[in-house]
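Residue numbers (this note's numbering): 3 to 721. Where a beta carbon is used, it is the ideal one built from N, C-alpha and C, also for glycine.
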């Protein structure tokens, strides 16, 4: 029967070959996306493991290995983060940092390729003077989190590195496990569901193409003596043939686009192409699981034929879907509501709550879709004023499952879009960098913390004399910090006018560390409160921070930053401008936006393909009824209106539900995970939704010309 099934699959004429090609294409897209998802998870783990190697754990002491002094700090240049690692070997057996052949000695350093390019092209007084010494070579990919990482490994003496902030003694590097990251795991999980659900729907829709004709053919085989087992084997072979071909093409697609996919910054940083790797289990899962799943789906579709050879002819109106289909949807919302009061401390525990909740909502939308379609059809029938509207409403009400199947992928695409856009929009609004062009955007601040170094007497004068610098001020520590309104003190004569003024009659003011209160902007009208510390005592107080105002040019900012770093080489927090600390987070947000865009485009494309296949399949299955309607006098335009309404009405009915549930899920996630309140997306989001729906309507319209060509007297007589 296997050989017969193969012959039947490829020798069934143009219709059979077309159906096999469509199924193979659907499986190719699905398996390619599945491979990409699995490789993406592996790439994230690999990248996070390399990133963890830059922050090794301190050793407990003892052992035969000489410890390596290690200090990791962050620097910035033009809004990009530079990771600086200072190391010093205490003996010949000390471990070597990953990616370099030897540990650099005092006055030596290694740099990443991107960092070497910057050092070679930028003026030394803006960047190079921060990293004096001899360049020993390039850091290899094994020591870089991303191809564009800016990393410097500086050598020093053990005494020098031991005094640096965050210094630790390590006896091993590069063996840290992958860092668990709740947000990455959650987003990858939602993306996997957001992509794979439409893929599975697409495969299922393509598999059902010409389902009625296949059922009739298999029923005829039963009538001539074929057993149910033989029919199942033939159906499984036919489906597996297309699935195997599609899976092979999926592997080829993944290999062809692997390099391009690695460049997408899913975590805020692009991957190396080698990071997008597949394990043996991943390959076996796709190579064997996808064809097996297609074969199982084919057997499930033959349930009526297995009942009886005449089971195909016993067509009755299916039972109406009940409101119980809403239960999984409500359970998914309930899981996210539960997370508002119970938030696990570990990232794994948080993922175990949020991810199932979101996936349960997605599954609930699919299950509730037929009920929503039925409700929309009944409303349409109640207000029907034309024959086409009444016919479409009656057909949808009789079989809402079939009507919803065509647009289920669109519903999931809109849900995933709403969750992604709602979450990213809110996070950007809450944690995005300072607006470019604001007063404080060109202000360089250096905070010293508890161990304040002594500043050279000429430092402020030298800074003020530099090109592009408008003012340079030292903020000293407020000794009465417990009862004071601000932690710093400054002489009123040294307070730049752009940051406010002292209250009348005051000589010393209490000010914020960087002259701008937290989460506020600089203001020339701000009035700082008077301090109880006399003006003469300021010279004896430790410096808390140095604030330098520039004209905002990149050259002035980086030149100032370099002067401060060379003056205070043991800094813990690098000199920064507003937005530096947020820059890496902004890069991550851009990666999420890239990921959301990929998900949105892919989901809508798959949904459109499913819609087109479903509409074409429906037209093919109903050639005879439509032909009889044309013979009875129904114009073609009426039949076209029927087909359009059957797809457009359920699509519009579920679109609002999908968007609403997506924004609700985003709000619950934000409240539980970050205590943020959802900020409504801007007009661009609604534009994406409208464009997506308009494109789907265009797909429906593109299939309508087939109606006239496949219906007519000849079809009615031949069927």
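Under the three-state reduction of DSSP, residue 578 is assigned to strand.
If you ignore the 5 residues before and after residue 251, its C-beta comes within less than 6 angstroms of the C-beta of 30, all in its own chain and listed in chain order. In the DSSP secondary-structure assignment, residue 71 is bridged to 90 and 171.
When the alpha-carbon of residue 537 is set against those of 507, 59, 231 and 565, the nearest one is in 507. Residue 475 and residue 464 have their alpha carbons spaced roughly 12 angstroms apart. Counted as a single uninterrupted DSSP element, the alpha helix (DSSP H) harbouring residue 626 occupies residues 625-633. Looking at the backbone, the Cα of residue 405 and that of residue 277 are separated by about 42 angstroms.
If the five residues before and after residue 57 are omitted, its C-beta is found closer than 7 angstroms to the C-beta atoms of 74, all from its own chain and listed in chain order. Among the bridge pairs identified by DSSP, residue 85 is matched with 76 and 153. CA-to-CA, the gap between residue 513 and residue 490 works out to about 5 angstroms.
Counting of Cβ neighbours within 10 angstroms places residue 522 among the exposed residues, the total staying below 16. Take residue 709, set aside five residues on each side of it, and the residues of its chain with a beta-carbon closer than 8 angstroms to its own are 621, 628, 638, 641, 642 and 645, in chain order.
Contact annotation: residue 337 and residue 359 have beta-carbon atoms nearer than 7 angstroms. Judged by beta-carbon spacing, residue 174 lies beyond the 7 angstroms limit of residue 151, meaning their Cβ atoms are not closer than that value. One Cα belongs to residue 459, the other to residue 105, and the distance between them is close to 37 angstroms.
With contact defined as three or more Cβ pairs closer than 8 angstroms, the region 247-262 and the region 279-298 are in contact. Annotation: residue 334 to residue 340 spans about 10 angstroms, alpha carbon to alpha carbon.
Residue 505 holds the alpha-carbon nearest to the alpha-carbon of residue 534 among 167, 505, 380 and 455. The beta carbon of residue 109 sits closer than 8 angstroms to the beta carbons of 134, 135, 136 and 157 from its chain, once the five residues preceding and following it are set aside; these are given in chain order. The DSSP-derived three-state label of residue 138 is strand. Under a 10 Å Cβ-count criterion, residue 425 is classified as buried, with 16 or more other Cβ atoms of the shown protein chains found around its own Cβ. Residue pairing by DSSP puts residue 551 in a beta bridge opposite 445 and 473.
Rounded to the nearest whole angstrom, the C-alpha separation of residue 667 and residue 272 is 28 angstroms. Fewer than three beta-carbon pairs drawn from the region 364-382 and the region 690-709 are found closer than 8 angstroms, and the two stretches are therefore not classed as touching. Taking the CA atoms as reference points, residue 573 sits about 12 angstroms from residue 547. The bridge partners DSSP lists for residue 537 come to none. The DSSP-derived three-state label of residue 492 is strand. Ranking 243, 172, 86 and 120 by CA distance to the CA of residue 66 puts 172 first. The beta carbon of residue 386 lies closer than 8 angstroms to those of 392 and 395 in the same chain, with the five residues before and after it left out. Here DSSP, grouped into helix, strand and coil, assigns residue 29 to helix.
In the structure shown, the three-state DSSP call for residue 258 is helix.
The beta-carbon separation of residue 663 and residue 363, rounded to 6 angstroms, stays under the 8 angstroms limit for a contact. Taken atom to atom, the span from the alpha-carbon of residue 580 to that of residue 153 is near 22 angstroms. With fewer than 16 other beta carbons inside 10 angstroms of its own, residue 527 counts as exposed. Using a Cβ-Cβ distance cut-off of 8 angstroms, the region 22-42 and the region 284-293 are in contact, since at least three pairs of beta carbons, one from each stretch, lie closer than that value.
For residue 345, the three-state secondary structure derived from DSSP is coil.
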